[in-house]
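Asks: One structure, as structure tokens, below. Some questions next.
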């Protein structure tokens, strides 16, 4: 066999990831917030770009000034209205209904503790203890370590700890779950020996709903254990759950609206989330009319091409999302009319084929995008899910199946809960085929316990 090297010409098509193409792909998967931040950075670095403003600053200022004086005259004594009445709504306007932030658990406890204790040494111990509480409201550091840190005795710590445990919310500052439940039980229901025994010795068995086993060990009827269990379930295993963690509240703005107009659904893009861009007329005129230097012209042409590509990419992103939502309306009409139970199976490839793009494009375009429908606000990814087939050729999405399973369990007889096999048979009677294993999978995803754990003893 003879081996040799040679040079030959070959023509073929390849996809080259240019910076512009990378930018377009990146913009496609940005959320509205991320896209807004990206545009802000581009506006700072590219002088050719600017946002569209419908009215000049002078006109806007004049409008605001006129509105200010009109409102001022109407509300002041200068008004020539003979009655000159104060708006009755202002009398009932209570500013205490508006707060900038919810108090944290530490702030809530310190406010109560400072009203209870006057001794400076005890205040120092109490503030230290409150600072040692975790996110659930439990004491996260052993008593010995806290005593050593503060150079006090264990009794001093326990004395202040008992005071803190009487504060709201009840059950806070406990050393573990059992102690928290015991504090709450005594506060709300008084002395109940059976409840206390279950909390102290059989909490794990209670979590697995082993009612008969607990009844046998405590030598009582299962019905008595069930009543005690119902009381325990009213207690809060996380006393601090209703308090702020200091995190800022996030508000959601939908990228698209689906509105029903008579018998049809229309797509309305939320263009308020992203500013409209245009080319600055001053720099455009420089390129057209004036003979600028070669270096200046090269710089402006580069920035102009970058600006045009950005505007084109944003518009392409907008149209891709629009076409996806149009296809969603076509495929999910039963959901839009009747709700989640009628959500249809839908996959990326199906939508990609209808709008003639790649699956990855649909995946990127639906990432972190939200749509407001007549049934509520949903992430676009929510509508892409597998499903089960029906005998009549139609199907149900996994979300719809989960809703049916959840409804069946809510309506079941708690003394004879439905098994996974029975739920499979009931769904089968509706014309849809689903295995027992799939029912168990969906039930686990809904965090619903098995039938043995749902059983009650009346």
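In my numbering, the protein residues as written are 5 to 462. Every residue gets a Cβ at the ideal spot worked out from N, C-alpha and C, and that includes glycine. Keep in mind it's a predicted model, so treat the numbers as computed, not measured.
#1: Residues in its own chain within less than 6 Å of residue 244 by CB, not counting five upstream and five downstream?
#2: Which one or two residues does DSSP pair with residue 401 in a beta bridge?
#3: Give the straight-line distance between the Cα atoms of residue 54 and residue 273, rounded to the nearest whole angstrom.
#4: Spell out the partners DSSP gives residue 172 in its beta bridges.
#5: Measuring alpha carbon to alpha carbon, tell me which residue in 120, 361, 458 is nearest residue 423.
#6: Would residue 259 pass as a contact of residue 163 if the rule is Cβ separation under 7 Å?
#7: Using the rule of at least 16 other Cβ atoms within 10 Å of the residue's Cβ for burial, across every protein chain shown, is residue 170 buried or exposed?
#8: Can the beta-carbon of residue 229 be found less than 7 Å from the beta-carbon of residue 218?
#9: Return the residue from the list 173, 313, 184, 222 that minimises the CA-CA distance to residue 116.
#10: Kindly provide the ranges of any alpha helix (DSSP H) runs that are 4 or more residues long and lie completely inside the stretch 203-248, ordered along the chain.
#11: Hey, would you say residue 331 sits closer than 7 Å to residue 355, going by beta carbons?
#12: Round the Cβ separation of residue 365 and residue 32 to the nearest angstrom and send it over; I've been treating them as touching at under 8 Å.
#13: Can you give me the C-alpha to C-alpha distance between residue 339 and residue 345, rounded to a whole angstrom?
#14: Alpha carbons only, please: which of 321, 291, 322 is nearest the one belonging to residue 307?
#15: Report the residue from 411, 127, 177 whose alpha carbon sits nearest the alpha carbon of residue 154.
#16: For the pair the stretch 204-211 and the stretch 430-444, tell me if three or more CB-CB distances fall below 8 Å.
#17: Would you list the one or two residues that DSSP bridges to residue 263?
#18: Quick check: the Cα distance between residue 287 and residue 311, rounded to an integer number of angstroms?
#19: Along the alpha helix (DSSP H) that carries residue 355, what are the first and last residues, could you check?
#20: Am I right that residue 347 and residue 401 are in contact with their C-beta atoms under 8 Å? What's the rounded C-beta distance?
#21: Once the 5 residues before and after residue 151 are set aside, which same chain residues still bring their CB inside 8 Å of it?
#22: Given residue 456, which residues of its chain have a CB within under 7 Å of its CB, disregarding the five upstream and five downstream residues?
#23: Give me the Cβ distance between residue 197 and residue 215, rounded to the nearest whole Å; I'm assuming they're in contact under 8 Å.
#24: Does the separation of the CB atoms of residue 387 and residue 350 fall below 7 Å?
#25: Assuming residue 239 contacts residue 188 (C-beta within less than 8 Å), just tell me the rounded distance between them.
#26: For the alpha helix (DSSP H) containing residue 42, list its first residue and its last residue.
#27: Report all residues from its chain with a CB closer than 8 Å to the CB of residue 450; omit the five preceding and five following residues, and keep chain order.
#28: At the level of alpha carbons, what is the spacing between residue 320 and residue 428?
#29: Which of the three DSSP states is assigned to residue 419 in this structure?
#30: Tell me whether residue 265 is buried or exposed, calling it buried when 16 or more other Cβ atoms sit within 10 Å of its Cβ.
#31: Can you tell which of 235, 342, 341, 165 has the C-alpha that lies nearest to the C-alpha of residue 192?
#32: How about residue 282 and residue 56: are their beta carbons less than 7 Å apart?
#33: Ordered along the chain, which non-local residues of its own chain (more than five positions away) have a Cβ less than 8 Å from that of residue 403?
#34: When burial is assigned at 16 or more other CB atoms within 10 Å of the CB, is residue 269 buried or exposed?
#35: Of all the options 362, 303, 177, which has the alpha carbon lying nearest to the alpha carbon of residue 29?
#36: Comparing alpha-carbon positions, which option in 34, 323, 168 lies nearest residue 136?
Replies: In short, the structure shows the following:
#1: 109, 140, 141
#2: In the DSSP output, where bridge partners are listed per residue, residue 401 has 391.
#3: Cα to Cα, the separation comes out at about 21 Å.
#4: Answer is none; residue 172 lacks a bridge partner.
#5: 458
#6: No, they are not a contact pair.
#7: exposed
#8: yes
#9: For residue 116, the closest alpha carbon among the candidates 173, 313, 184, 222 is that of 173.
#10: 207-211, 215-222, 226-237
#11: Contact: yes.
#12: About 7 Å separates the beta carbon of residue 365 from that of residue 32, a gap short enough to meet the 8 Å contact definition.
#13: 7 Å
#14: 291
#15: 127
#16: no
#17: Looking at the DSSP output, residue 263 bridges to 270.
#18: 12 Å
#19: 352-359
#20: The C-beta distance from residue 347 to residue 401 rounds to 4 Å, short enough to meet the 8 Å contact threshold.
#21: 157, 158, 160, 161
#22: 213
#23: Residue 197 to residue 215, Cβ: 18 Å. No contact.
#24: yes
#25: Contact between residue 239 and residue 188 holds, with the beta-carbon distance rounding to 4 Å and staying under 8 Å.
#26: 36-49
#27: 406, 409, 410
#28: 45 Å
#29: Three-state result, residue 419: coil.
#30: With fewer than 16 Cβ atoms within 10 Å of its Cβ, residue 265 is classed as exposed.
#31: 235
#32: yes
#33: 344, 347, 386, 389
#34: buried
#35: 362
#36: 168
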